[in-house]
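Visitor: According to UniProt numbering, the stretch in the sequence shown is residues 25 to 272, in order. The C-beta atom is built at its ideal place from N, Cα and C for all residues, glycine as well.
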Amino acid sequence: RLIRLQRGPGNRSNSSTVMAEEAKKLAACAAVDNHIQNNQVVGVGSGSTIVYAVDRLAERVRQEKLNIVCVPTSFQARQLILQHGLSLSDLDRHPDLDVAIDGADEVDDSLTLIKGGGGCLTQEKIVAGCAKHFIVIADYRKDSKVLGQQWKKGVPVEVVPMAYVPVSRAITRRFGGEAVLRMAVSKAGPVVTDNSNFILDWKFEQAQNWKEVNTAVKMIPGVVETGLFVGMAEKVYFGMEDGSVKVR
Ligand code: 5RP
25 RLIRLQRGPG NRSNSSTVMA EEAKKLAACA AVDNHIQNNQ VVGVGSGSTI
75 VYAVDRLAER VRQEKLNIVC VPTSFQARQL ILQHGLSLSD LDRHPDLDVA
125 IDGADEVDDS LTLIKGGGGC LTQEKIVAGC AKHFIVIADY RKDSKVLGQQ
175 WKKGVPVEVV PMAYVPVSRA ITRRFGGEAV LRMAVSKAGP VVTDNSNFIL
225 DWKFEQAQNW KEVNTAVKMI PGVVETGLFV GMAEKVYFGM EDGSVKVR
């Protein structure tokens, strides 16, 4: 059920922001309720949608007295886990996860994802790769037939700082488009990831064979990881504008 919050009269951008926030919450709650059970080790993703999932998880842990251990995918996720009083672990102690839940920037028809809008793609991919089930939560704006239809910022690629120019040239020479160093909002310098690396945002020109692209880009010296998640997501929960949840 969609709870419609108060909006300014005729303010379309405000109303769509409110709808999107509600949609994120719907998707997050449905995924936590359907995929998390007692005695599980849970990977906790990054971004704004995951905040709703952690809220719901903490509520269930309190109400149902669940024994849940959480493994974070970023500093943000670590803080969220601690702020909610959940049990924090890592891949040293818990290398086998039951489930990982995370957001996405765009999801195509075959559940290939673009991730890394928040710059946490490397740890997100590691944690998702350690989980038996990788569940994605998103609002309706992320649902796409083909990657690039909705998300216009391109595929994030984490690079070792000294290599960002050669990596950018190698990607664009081979695949076209433009790979731009992500700058901090202040423009004072580049965004630095939790792993002390830089991010290139590769704005591709057309849809590609993403599995091949992912493998080829990863082979370029200096590339740490790409934000292409191919064949990893088991299910995606989309919160919809009409208050329903669509599962793919
Ligand atoms: C961070 C991510 C996020 O999961 C992705 O950007 C989606 O974020 P949001 O839930 O805020 O839309 O990949 O690296």
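Which whole-angstrom value describes the C-beta separation of Leu171 and Asp225, a residue pair presumed to lie in contact below a C-beta threshold of 8 Å?
Guide: No, Leu171 and Asp225 are not in contact; Cβ-Cβ is about 14 Å, not under 8 Å.
Visitor: Buried or exposed: where does Thr41 fall if 16 or more other Cβ atoms within 10 Å of its Cβ makes it buried?
Guide: exposed
Visitor: Under the DSSP definition of a beta bridge, which residues are partnered with Val94?
Guide: A quick correction: the sequence has Cys, not Val, at residue 94. Cys94 pairs with Val66 and Leu112.
Visitor: Report the rounded CA-to-CA distance for Phe222 versus Tyr188, giving the unit in angstroms.
Guide: Those two C-alpha atoms are separated by around 7 Å.
Visitor: Give every residue whose Cβ lies closer than 6 Å to any heavy atom of the ligand 5RP, listed in chain order.
Guide: Gly69, Ser70, Gly71, Ser72, Thr73, Asp126, Gly127, Ala128, Asp129, Lys139, Gly140, Gly141, Gly142, Gly143, Cys144, Leu145 and Glu148
Visitor: Taking the beta strand (DSSP E) that Val183 falls in, what are its first and last residues?
Guide: Where Val183 is concerned, the enclosing beta strand (DSSP E) stretches over Val179 to Val183.
Visitor: Leaving out the 5 sequence neighbours to the left and right, which residues in its chain are closer than 6 Å to Phe158 when beta-carbon positions are compared?
Guide: Ala124, Ala152, Met256, Ala257 and Glu258
Visitor: With a cut-off of 8 Å on the beta carbons, I'd call Ile92 and Val85 a contact; round off their distance for me.
Guide: Indeed they touch by this definition, with Cβ atoms about 6 Å apart.
Visitor: Can you tell me where the alpha helix (DSSP H) holding Gly153 begins and where it ends?
Guide: Leu145 to Gly153
Visitor: Can you check which of these residues, Ser70, Arg102 and Trp175, is closest to Gly143 by C-alpha distance?
Guide: Ser70
Visitor: Is Asn238 buried or exposed, if buried means 16 or more other CB atoms sit within 10 Å of its CB?
Guide: buried
Visitor: Can you tell me whether Gly34 is buried or exposed, with buried defined as 16 or more other CB within 10 angstroms of its CB?
Guide: Any reading at Gly34 must be qualified, since the residue scores a pLDDT of 39, below 50, and its modelled position is unreliable; no value is offered.
Visitor: Using DSSP bridges, identify the partner residues of Thr250.
Guide: Val181
Visitor: Would you say Pro214 faces chain D, with C-beta separation under 8 Å as the test?
Guide: Chain labels in this structure do not include chain D; a single protein chain is all it has.
Visitor: Please state the DSSP three-state secondary structure of Gly32.
Guide: Note that Gly32 has pLDDT 38, beneath the 50 cutoff, so the model's placement of it is unreliable and the number below is only indicative. Coil, per DSSP.
Visitor: In whole angstroms, what is the alpha-carbon distance linking Ala82 and Lys48?
Guide: 17 Å
Visitor: Under three-state DSSP, which class holds Phe199?
Guide: The DSSP-derived three-state label of Phe199 is helix.
Visitor: Could you spell out the range, first to last residue, of the beta strand (DSSP E) harbouring Phe222?
Guide: Phe222 to Lys227
Visitor: Measure the C-alpha to C-alpha separation of Arg198 and Leu90 and round it to an integer number of angstroms.
Guide: 50 Å
Visitor: If we ignore side chains and look at the alpha-carbon of each, how far apart do Ala212 and Arg206 end up?
Guide: 11 Å
Visitor: Quick one: what does DSSP say Lys48 is sitting in, helix, strand or coil?
Guide: Here Lys48 sits in helix by DSSP.
Visitor: Report the rounded CA-to-CA distance for Gly127 versus Thr250, giving the unit in angstroms.
Guide: 16 Å
Visitor: What three-state label does DSSP hand Val189 in the structure shown?
Guide: helix
Visitor: Identify which residue in Ser168, Ser134, Val247 and Gln147 has its Cα closest to the Cα of Val183.
Guide: Val247
Visitor: Tell me Met207's beta-bridge partners as DSSP assigns them.
Guide: Met207 is bridged by DSSP to Pro214.
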